[in-house]
Amino acid sequence: MKFPFRIIRGLINLVSSARFVVRGDSMRPALKSRESVLAVRSRLPWNRLRRGDIVVLRHPVCRYRIYIKRIVGLPNEEIRLEDGLVNLEGALLEEAYIDRVPPGRPDQNREWWTGPDEYFVLGDNRGDSQDSRAFGPVDRRLILGRVWFRCWPLRSWGPVPGRGGPSG
């Protein structure tokens with residue numbers, strides 16, 4: 000019974016997805032510039048946002064700008080960046096999806112608290128990313144969808160690294 004339900008969920012995700020093009024290198028190595036990805040817009044239960052998801056979002060100030068970033072902080076959490084490392088509620092976040100932690104700078108050691116409908120997003124390539132470190136936590140309403148599939152170029156076709164897959 001589980002197998003047919005996964006197929007149905009995948010088909011629903013496919014028809015409720017939108018295509019976005021990656022611009023720049025802020026999500027390397029997971030996503031490269033000029034790759035096309037599908038992001039599911041659905042608010043169905045199996046598409047709830049989780050830590051590690053790659054999402055498409057509107058910039059909090061310049062709403063016409065669209066970014067692709069990874070969720071590292073969930074609603075109602077304390078996030079601290081110290082020496083290039085992410086601490087959540089006092090525990091170090093393991094980030095297997097980044098190649099290397101960039102050297103931290105003392106001026107970048109900060110902390111944030113997310114509100115009940117806010118997420119903290121970072122690019123995987125921390126040295127080349129405009130993200131929550133600059134504009135703070137992101138309201139849920141600015142998140143357009145969860146990236147689940149890379150559709151171009153064909154040689155890279157398949158689920159995206161991270162949570163990935165049409166149903167998580």
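Numbering that gives the first Met the number 0 applies: residue 0 is where the sequence shown begins, and numbers increase by one. Every residue, glycine too, gets a C-beta built ideally from N, C-alpha and C. Because the structure is a prediction, the values reported are computed rather than measured.
Quick one, which of 137, 11, 156 and 129 has its alpha-carbon nearest residue 22's?
129
Hey, would you say residue 55 sits closer than 7 Å to residue 144, going by beta carbons?
yes
From the DSSP output, which residues share a beta bridge with residue 86?
79 and 91
Quick check: residue 15 and residue 33, are their CB atoms within less than 7 Å of each other?
no
Assign residue 46 to one of two classes, buried (16 or more other C-beta atoms within 10 Å of its C-beta) or exposed (fewer than that).
buried
For residue 67 and residue 26, what's the separation of their Cα atoms in angstroms?
7 Å
Neighbourhood of residue 146 by C-beta distance below 6 Å, restricted to the same chain and skipping five residues each side:
36, 38, 53 and 159
According to DSSP, simplified to helix, strand and coil, what is residue 5?
helix
Might you give, ordered along the chain, the residues of its own chain that have their beta carbon closer than 8 Å to the beta carbon of residue 150, omitting 5 neighbours on each side?
18, 35, 36, 37 and 156
So is residue 147 in contact with chain D if we call contact Cβ pairs under 7 Å?
Among the chains of the structure shown, chain D does not appear; only one protein chain is present.
Along the chain, where does the alpha helix (DSSP H) that runs through residue 145 open and close?
Segment 142–151 is the beta strand (DSSP E) holding residue 145; no alpha helix (DSSP H) there.
Going by C-alpha to C-alpha distance, which of 63, 69, 59 and 5 sits closest to residue 29?
69
Proximity of residue 93 and residue 77 at Cβ, strictly below 7 Å:
no
Would you grab the beta carbon distance between residue 107 and residue 141 for me? Rounded to a whole angstrom, and I think it's under 8 Å.
Not really, about 23 Å apart at Cβ, beyond 8 Å.
Check: residue 26 C-beta below 6 Å from any heavy atom of the ligand ZN:
Of ligands this structure carries none, so the ligand ZN is not represented either.
Within the continuous beta strand (DSSP E) that includes residue 132, where are the two ends?
Counting along the chain, residue 132 falls outside any beta strand (DSSP E), though it belongs to the alpha helix (DSSP H) covering 131–134.
Nearest by alpha-carbon distance to residue 60: which of 20, 96, 131 and 148 is it?
131
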